[in-house]
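In this note's numbering, the protein residues as written are 101 to 445.
By construction, the Cβ of each residue, glycine as well, lies at the ideal position given by its N, Cα and C atoms.
A short write-up of the structure that comes next.
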DNA sequence: CGTCCACGTCTAC
DNA sequence: TAGACCTGGACGG
């Protein structure tokens with residue numbers, strides 16, 4: 101489920117279900133997970149969460165009055181402070197392709213629950229990090245990953261500045277659709293968001309990123325307009341960086357994309373481009389599928405494998421609709437990769 | 001049965 | 001710039 105909006109919603113979910121709840125005992129890791137053990141133990145602690153882009157941070161805080169369990173009982177001494185109390189601990193998670201948090205009965209843990217926090221009450225319940233593909237990661241005593249930029253959702257002004265002040269960075273030598281996945285500058289944007297954002301402005305995905313973004317630096321002012329008209333104009337014509345904030349915010353207000361079993365109808369309706377029938381798709385330079393409408397743009401990868409089904413359909417319909425002479429003309433003009441692809445059918 | 005595809009990083013040649 | 005890392009759903013034979 102995981103691009104920026106889903107990560108943020110996960111933090112909201114955790115803060116809601118854990119509000120007023122007391123957790124207890126050790127943090128349990130599944131056998132199969134290669135992530136680090138979480139050596140935290142407390143008789144009574146609380147859990148809270150914050151998010152930043154595509155990361156989420158859990159804070160485990162022992163309750164004050166606790167005199168901790170016997171030091172040394174199956175515990176590393178280093179994990180306890182000098183007076184034997186468990187210190188608060190931050191855990192930073194990335195979700196990979198399939199991470200999520202679920203709060204359930206401890207008796208029936210969800211499949212693929214790789215990290216589990218148990219409540220003190222009985223019968224116990226558990227907050228679980230669930231991750232079927234196990235691409236997700238967590239770090240003990242974690243901090244926000246150093247080379248990830250400000251959150252597109254929660255730190256919009258810093259995010260915008262970070263992009264516009266660094267347009268000389270080689271990250272912007274790339275097509276805009278590839279730059280948008282660079283978490284150093286677009287922390288929170290993922291594959292469906294980049295497609296939806298570019299589609300709103302009909303920006304060709306393989307237009308050069310610097311070319312697109314330099315145009316935002318000197319946005320033309322209209323001094324003759326009143327302030328309210330300027331505000332209105334801006335709201336009705338958001339630029340690319342504003343959409344990098346506004347589009348994920350739409351998803352948050354919708355309650356997330358709900359990938360997987362709980363696939364919501366709202367989400368399916370909300371998508372205007374990503375995986376939508378009739379839209380075109382190509383592989384970008386990193387092998388990721390970019391969905392778009394119209395022209396791919398000047399930096400599109402060349403090659404015989406770069407013909408999408410939507411375009412093939414159109415070519416075939418065109419050929420069917422033409423007479424014999426027209427067909428001959430069109431076939432002569434067809435680009436090499438088109439004819440190659442047709443021959444392969 | 002098999003092949004392809006998926007919301008993302010990582011690290012190794 | 002490839003692969004590696006994983007499970008499971010969709011779809012074809």
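Quick one: Cα of residue i to Cα of residue j, how far?
i: residue 161; j: residue 228; result: 17 angstroms
i: residue 140; j: residue 329; result: 56 angstroms
i: residue 338; j: residue 332; result: 10 angstroms
i: residue 110; j: residue 323; result: 43 angstroms
i: residue 195; j: residue 263; result: 24 angstroms
i: residue 405; j: residue 214; result: The predicted model places residue 405 with a pLDDT of 49, which falls under 50 and marks its position as unreliable; any figure quoted below should be read in that light. Rounded to whole angstroms, residue 405 to residue 214 spans 39 angstroms at the Cα level.
i: residue 365; j: residue 356; result: 11 angstroms
i: residue 358; j: residue 297; result: 19 angstroms
i: residue 135; j: residue 237; result: 6 angstroms
i: residue 273; j: residue 232; result: 35 angstroms
i: residue 103; j: residue 239; result: 19 angstroms
i: residue 380; j: residue 186; result: 54 angstroms
i: residue 346; j: residue 211; result: 34 angstroms
i: residue 284; j: residue 114; result: 26 angstroms
i: residue 157; j: residue 112; result: 12 angstroms
i: residue 300; j: residue 256; result: 19 angstroms
i: residue 127; j: residue 149; result: 16 angstroms
Under DSSP, the alpha helix (DSSP H) around residue i begins and ends at which residues?
i: residue 156; result: Where residue 156 is concerned, there is no enclosing alpha helix (DSSP H), although the beta strand (DSSP E) it sits in stretches over 155-162.
i: residue 294; result: 291-301
i: residue 311; result: 309-317
i: residue 335; result: 327-336
i: residue 105; result: 104-117
i: residue 263; result: 256-264
i: residue 369; result: 365-370
Let's test the definition: count the other Cβ atoms within 10 Å of the Cβ of residue i and tell me whether it reaches 16, buried, or not, exposed.
i: residue 314; result: exposed
i: residue 164; result: exposed
i: residue 207; result: exposed
i: residue 247; result: exposed
i: residue 348; result: buried
i: residue 235; result: exposed
i: residue 398; result: exposed
i: residue 287; result: buried
i: residue 132; result: exposed
i: residue 108; result: buried
i: residue 265; result: exposed
i: residue 219; result: buried
i: residue 394; result: exposed
i: residue 369; result: exposed
i: residue 373; result: buried
i: residue 327; result: exposed
In terms of DSSP beta bridges, what is residue i paired with?
i: residue 204; result: 226
i: residue 217; result: 127 and 227
i: residue 145; result: 123 and 162
i: residue 375; result: Partner(s): none; residue 375 has no beta bridge.
i: residue 239; result: 192
i: residue 287; result: 251
i: residue 275; result: 308
i: residue 47; result: There is no way to answer for residue 47, as the model of the chain reaches only from 101 to 445.
i: residue 356; result: DSSP, once it has assigned bridges, lists no residue as partnering residue 356.
i: residue 459; result: No statement about residue 459 is possible, as the shown extent of the chain runs from 101 to 445 and does not include it.
Need the endpoints of the beta strand (DSSP E) that residue i sits in, please.
i: residue 190; result: 189-194
i: residue 381; result: 380-383
i: residue 392; result: 389-392
Just tell me which of the options has its CA closest to the CA of residue i.
i: residue 252; options: 305, 269 and 294; result: 294
i: residue 154; options: 379, 289 and 204; result: 289
i: residue 201; options: 221, 117 and 255; result: 117
i: residue 281; options: 126, 124, 146 and 386; result: 386
i: residue 119; options: 203, 126 and 199; result: 203
i: residue 105; options: 243, 126, 223 and 292; result: 292
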